[in-house]
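Position 47 of the sequence shown, counted from 1, bears residue number 163 in our numbering, the numbering being contiguous throughout.
All residues carry an ideal CB built from backbone N, CA and C; glycine is no exception.
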Amino acid sequence: MDCHTPGCRGEHEAGTISHSVTYQERSIVLHNVPAQICPECGDVVLAEETTIIIEDLLRRKARSKQGSFVYEP
Ligand SMILES: [Zn+2]
Numbered sequence: 117m118d119c120h121t122p123g124c125r126g127e128h129e130a131g132t133i134s135h136s137v138t139y140q141e142r143s144i145v146l147h148n149v150p151a152q153i154c155p156e157c158g159d160v161v162l163a164e165e166t167t168i169i170i171e172d173l174l175r176r177k178a179r180s181k182q183g184s185f186v187y188e189p
């Protein structure tokens with residue numbers, strides 16, 4: 117997949133990232149999230165399916181006091 121950043125000629129590669137999100141006014145970090153990453157500029161794209169899984173995961177983990185989770189589909 118070509119990078120969306122103007123002027124960047126990188127091509128995104130599949131990898132995993134630590135992704136921080138704000139959920140119910142809390143900052144939560146998810147580790148091991150699959151993403152497409154540009155090796156040139158660091159631009160990161162999450163698949164729509166991945167964002168849906170993250171939302172579902174956050175809902176399930178909402179009662180936990182933990183500030184970080186490992187992504188698990
Ligand atoms: Zn790029």
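Report the partner residues of residue i according to the DSSP bridge assignment.
| i | result |
| --- | --- |
| glycine 131 | Ala151 |
If you draw a straight line from the alpha carbon of residue i to that of residue j, how long is it in whole angstroms?
| i | j | result |
| --- | --- | --- |
| tyrosine 139 | serine 180 | 12 Å |
| cysteine 119 | alanine 151 | 13 Å |
| threonine 166 | glutamate 188 | 10 Å |
| valine 145 | histidine 128 | 22 Å |
| phenylalanine 185 | alanine 130 | 20 Å |
| glycine 126 | isoleucine 153 | 9 Å |
Task: Residues passing the C-beta test against ligand 1 heavy atoms, cut-off 7 Å - done: Cys119, Thr121, Cys124, Gly126, Cys154, Glu156, Cys157 and Asp159
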